[in-house]
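The listed protein sequences correspond, in order, to chains A and B.
As numbered in our numbering, residues 1 to 343 make up the first sequence, in order.
As numbered in our numbering, residues 1 to 375 make up the second sequence, in order.
Ideal Cβ positions, reconstructed from N, Cα and C, are used throughout, including at glycine.
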Amino acid sequence: VTIDLDAEQRAFRDACGKLAADLAGSWRLGRGPDEVAPPQPSAPDWSRMADIGWFGLRLREENGGAGADAVYTGLLVEELARHALPAPVLGTLIAAEQLQAHGAAPELLGSIAAGSVRVAPLLRPDLSWFAAGPDALAWDSADADFAVSVGDGAAHLLGEPVGGIDLTRSIRPPLPEPPGSPQEVGCRPISAADQDRLAAFALAMLTADLLGTMEAAHAAAVDYARTRTQFGVPIGSFEAIADLAADGLVLVEATRSAMWYATWSVDALAPPDALRAARMAKAFASRAAVEVCEGAVQIFGGIGFTWEFPAHVWLRRAHASRRVFGDEHRQESLLAAQTFEVR
Amino acid sequence: MDFTEPPEVTRFRAELRDWLAREASAAPGRASYEPDEGLARTQLWYRALAQAGYVGVSLPVEYGGRGLPDSYEAVINEELAAAQAPPPPPIGHIAHAIADFASDELKRRTLPGLLGCTASWCQGFSEPGAGSDLASLTTSAVHQGDAFVVNGQKIWTSGAMWARWCLLLVRTETDQPKHRGLSMLVVDMASPGIDRREITLATGNREFAEVFFDGVQVPRANLVGQRGQGWQIAMHMLTYERGPADMGWVGRLGHVLGTAVDTVRSAGSQADEQLRRRLASSMVDVQVLQWHVTRSLANRNPAAPGSGGSLDKLLATRVEQRLHHVLADLADAAFVLEDRPFADYVWSRAQSVYGGTQQIQRRIVAQRLLGLPRG
């Protein structure tokens, strides 16, 4: 028994990567912060993503989706990150999962899958978890029509992006409610088990996102080390550079093992076990992604901290995704509490 | 991609768990390689483990193994750790050298004792002048009649003081380039002309030795594989020595971590929030290592284990050395007032040296897995 992607998973991943590369190609980083294009895909691009089935990938069939397991969504998210696609697909996937878990109407979910309604998850102001109260930010929410606070089922309209380091994903605050609103989308409370499953899914997806980001940075840095010459030889022949690259691969492959286990466990294990696995995977990936992206910046030398070169885009994404749903310190704090607190 | 344990593995695990529930009380608290009663107890435990069928399970049945996939070695590691027993004996690399290269006669003569843990083995690789540059070694074996005559010196040889057999890497082909001039011999450590001198480790343990060979006669039948094949066999061995389950690393880390977690859980632990969080961080590391090893072993091609072992060893080393920094702080003042915590910590520093240094492993990963040019 091997533990690897099967032919179908491989083909799916490759197809996702192909479209992501194509879509990401039209984004412009520009020569400075004033020139960077917002992470808002055009309407035709959004339709292509809807048509290939990305938004409804994990929604159940009765909700207009394909009912895929989390291994598939993980592979999609990894590819999106590998190409740093500036489109709110991950936000949509997580919001859709949350709405489905809370029993939102099939019409709404079907519209999300079809790309005609755009939603984003509502997070706490520190981005460390789903928001429980009115103080919230909609993450990865470029062009989202609304974000739902699942506690009361209220659909909040969103304001202008608040800025932030991540150039490929928008964060927007809910607008103050005009009288008579907000619109209700019909959410019900969910069991502890469903909450755990939802949390495991979100953490596993952020792990996949971190993996794709670190893979992109690492692969580009290794290519550069093969071709860039100094002192008359490729810099990758120097041990100091080769060591950074080797340590980077160790972290990439360990994170891949963790991502595979975490995404597999979302649907295969009991919810508390899946959540624990996803927490561990997210903690490991958060630390590893920053280290690998920093190593890549170092290997690139001077070009690595210029605006026009994408190394900072990856480093920004690594730091942002590390924080979203909690960084390694938060995950490890929760694991410590679970392990050591007297019950 | 499926991490679901096949039912036959679950059955195997359950049987092992039952066996451990009955027998684990006989296990020493930790593996000891001191030439004293600790060693005797460790060897008895290994023998019991072997008799119950849990040593070398991935080796062929006809030589004392069970012919099971490599992934079963990881199960044994995990269950021994969970039972707070020492990891399986670190012999996988030697067993593979013999099983994959030796003549049938030599296999039948040596593997039952190795896998049955009735005869202990050492590995004669490093020399005073040949550490990371192993292929430059100079211990010679000259073919005379029906034997090789061995002269030279080995150093840092674990377990040499009490080993019955030595897997010895020697130079036989003086007219060949250095990597092609080596051969592998099985040497009876009781042979005349062998002199062993104990080396005390920085931990205080007396596990190492230097071994001198002065005209030692080794029967021609004890040649493993062909003359000149020594480097290939050594590299094959090292891929197993670098696999974290083959050498019981995963089990050992699980054991060490489990003990630390129990200590912190116990009433009266002074570990503060920060230390608890750092220990949780090591739990994360060890868990990710276990997932990674599960994946590596499931996917490893037994015919060509490849360079992945170097990557896995780098990961295991990183995890272990980070864990030992946490343990040092958990031990608090005892870390400087008592010997044991410091000895454990010093041993964690050896992880990045033996079996090929961290620097050599990075070289292998950079050149063979990443395709970076040689310097």
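Using CA atoms only, rank isn't needed, just tell me which of A:L334, A:R256, A:G326 is closest to B:M1. Here residue 1 of chain B corresponds to residue number 1 of the second sequence, with the count starting at 1. Nearest C-alpha to B:M1: A:R256.
Residue range of the beta strand (DSSP E) that includes B:D214: As a first step, residue 214 of chain B must be located in the second sequence, where it is residue number 214. Counting along the chain, the beta strand (DSSP E) containing B:D214 begins and ends at 208-219.
Are the CB atoms of A:G74 and A:M205 within a distance shorter than 8 Å? Reading the first sequence from its first residue, position 205 is the one you call residue 205 of chain A. Reading the first sequence from its first residue, position 74 is the one you call residue 74 of chain A. Contact: yes.
Reduced DSSP secondary structure (H/G/I, E/B, other) of A:A68: Walking along the first sequence from the start, residue 68 of chain A turns up at place 68. In the structure shown, A:A68 sits in coil (DSSP, three-state: anything other than H, G, I, E or B).
Report the neighbours of A:Y261 on chain B: residues whose CB is nearer than 7 Å to its CB, in chain order. Counting from 1 along the first sequence, the entry for residue 261 of chain A is found at position 261. Going along chain B in sequence order, the residues near A:Y261 (Cβ under 7 Å) are F3, W291.
What in chain A is Cβ-close to B:T10, meaning under 7 Å? Start at 1 with the first residue of the second sequence, and residue 10 of chain B comes out as number 10. By Cβ distance, chain A contributes nothing, its closest Cβ being about 13 Å from B:T10, past 7 Å.
In chain order, what residues of the same chain lie with their CB nearer than 8 Å to the CB of A:R343, ignoring the 5 residues before and after it? By 1-based counting over the first sequence, the position of residue 343 of chain A is 343. With a pLDDT of 49 at A:R343, under the threshold of 50, the modelled position of that residue is not reliable, and no figure is offered here.
According to DSSP, residues forming a beta bridge with B:H271: Here residue 271 of chain B is taken as the residue at index 271 of the second sequence, counted from 1. Correcting the residue identity first, residue 271 of chain B is Ala in this sequence and not His. Answer by DSSP bridge pairing: none, since B:A271 is not bridged.
So with Cβ pairs under 8 Å, would you call A:M280 a contact of chain B? In the first sequence, counting from the first residue as 1, residue 280 of chain A sits at position 280. Interface residue, yes.
Which residues in the same chain have their Cβ closer than 6 Å to the Cβ of B:F101, if we skip the five residues on either side of it in sequence? To locate residue 101 of chain B, count along the second sequence from 1; it is residue 101. Correct list, in chain order: V224, G225, I233.
Should B:A218 go down as buried or exposed, given a rule of 16 or more other Cβ atoms within 10 Å for buried? In the second sequence, counting from the first residue as 1, residue 218 of chain B sits at position 218. Note that residue 218 of chain B is Val in the sequence shown here, rather than Ala. Buried, because 16 or more other Cβ atoms sit within 10 Å of the Cβ of B:V218.
Using a Cβ-Cβ cutoff of less than 8 Å, which residues in the same chain neighbour A:A114 once the five nearest sequence positions on both sides are dropped? Within the first sequence, numbered from 1, the residue matching residue 114 of chain A stands at position 114. A50, F55, G56, G64, listed in sequence order.
Residue span of the alpha helix (DSSP H) that contains B:K107, given as start and end: Taking the second sequence and counting its residues from 1, the one referred to as residue 107 of chain B is at position 107. Segment 104-115, the alpha helix (DSSP H) holding B:K107.
Beta-carbon neighbours of A:W129, restricted to chain B and to distances below 7 Å: Start at 1 with the first residue of the first sequence, and residue 129 of chain A comes out as number 129. Simply none; closest approach about 18 Å.
Residue of B:D104, B:I364, B:Y72 minimising C-alpha distance to B:G308: Within the second sequence, numbered from 1, the residue matching residue 308 of chain B stands at position 308. It is B:I364 whose Cα lies nearest to the Cα of B:G308.
Identified DSSP bridge partners for B:K154: What you label residue 154 of chain B is simply residue 154 of the second sequence in a count that begins at 1. Paired residue(s): B:V211.
Report the rounded CA-to-CA distance for A:P44 versus A:A84, giving the unit in angstroms. Indexing the first sequence from 1 puts residue 44 of chain A at position 44. Indexing the first sequence from 1 puts residue 84 of chain A at position 84. Rounded to the nearest angstrom, the two C-alpha atoms are 19 Å apart.
In the structure shown, what three-state DSSP assignment does B:L185 receive? In the second sequence, the residue the question calls residue 185 of chain B occupies position 185. B:L185 falls in the strand class under three-state DSSP.
Relative to the C-alpha of B:T174, which candidate in B:L137, B:G159, B:R197 has its C-alpha closest? Counted from its first residue, the second sequence places residue 174 of chain B at position 174. The shortest Cα separation from B:T174 among B:L137, B:G159, B:R197 belongs to B:L137.
Checking 8 Å against the spacing of the C-beta atoms, do A:R13 and A:L5 come in under that value? Stepping through the first sequence from its first residue, residue 13 of chain A is reached at position 13. Stepping through the first sequence from its first residue, residue 5 of chain A is reached at position 5. Going by C-beta atoms, A:R13 is nearer than 8 Å to A:L5.
For a cutoff of 8 Å on Cβ pairs, would you count A:F201 as touching chain B? Walking along the first sequence from the start, residue 201 of chain A turns up at place 201. No - not a single Cβ of chain B is within 8 Å of the one on A:F201.
B:V170 in three-state terms, based on DSSP: The residue labelled residue 170 of chain B in the question sits at position 170 within the second sequence. B:V170 falls in the strand class under three-state DSSP.
Per-residue contacts from B:R363 into chain A (C-beta, under 9 Å): Taking the second sequence and counting its residues from 1, the one referred to as residue 363 of chain B is at position 363. The answer, in chain order, is E239, A242, D243, A246.
Exposed or buried, which one is B:S132 when buried takes at least 16 other CB atoms within 10 Å? Along the second sequence, read from residue 1 onward, the residue named residue 132 of chain B stands at position 132. B:S132 comes out exposed.
Please confirm if the segment 303-316 of chain A is in contact with the segment 313-323 of chain B, defined as three or more CB-CB distances below 8 Å between the two stretches. no
Can you find a C-beta in chain B that's less than 8 Å from the C-beta of A:R226? Sequence index remark: in the first sequence, residue 226 of chain A carries index 226 (1-based). Closer than 8 Å to some Cβ of chain B, the Cβ of A:R226 qualifies, so yes.
How would you write the range of the beta strand (DSSP E) that A:W264 sits in, first residue to last? Position 264 of the first sequence, counting from 1, holds the residue named residue 264 of chain A. Run containing A:W264: none in the beta strand (DSSP E); it sits in the alpha helix (DSSP H), 239-268.
Name the residue from B:D70, B:E37, B:E23, B:L44 whose alpha carbon lies nearest to the alpha carbon of B:N299. For the purposes of this step, residue 299 of chain B is identified with residue 299 of the second sequence, where counting begins at 1. If we check each option's Cα against that of B:N299, B:D70 comes out closest.
Rounded to the nearest angstrom, what separates B:F12 and A:A81 at their Cα positions? What you label residue 12 of chain B is simply residue 12 of the second sequence in a count that begins at 1. What you label residue 81 of chain A is simply residue 81 of the first sequence in a count that begins at 1. If you take the alpha carbons of B:F12 and A:A81, they lie about 40 Å apart.
Any C-beta of chain B within less than 7 Å: which residues of the segment 261-276 of chain A qualify? Y261, W264, A268
Report yes or no: do three or more beta-carbon pairs, one from the segment 196-203 of chain B and one from the segment 165-184 of chain B, lie closer than 8 Å? no
For B:C122, which of helix, strand or coil comes out of DSSP? For the purposes of this step, residue 122 of chain B is identified with residue 122 of the second sequence, where counting begins at 1. If DSSP states are grouped into helix, strand and coil, B:C122 belongs with the strands.
Taking just the CA atoms, how far does A:V119 sit from A:G236? Mapped onto the first sequence, residue 236 of chain A falls at position 236. Mapped onto the first sequence, residue 119 of chain A falls at position 119. A:G236 and A:V119: Cα-Cα distance of roughly 45 Å.
So A:I3 contacts chain B; which residues on that side make the cut at Cβ distance below 8 Å? Mapped onto the first sequence, residue 3 of chain A falls at position 3. The answer, in chain order, is M1, D2, F3, T294, R295, A298, N299.
Pair within 8 Å by beta-carbon distance, A:R28 and A:A21: Taking the first residue of the first sequence as 1, we reach residue 28 of chain A at position 28. Taking the first residue of the first sequence as 1, we reach residue 21 of chain A at position 21. No, the Cβ-Cβ distance between A:R28 and A:A21 is not below 8 Å.
Other residues of its chain near B:Q361: CB distance less than 6 Å, five sequence neighbours each side excluded: Numbered from its first residue, the second sequence carries residue 361 of chain B at position 361. The residues are S310, K313, L314.
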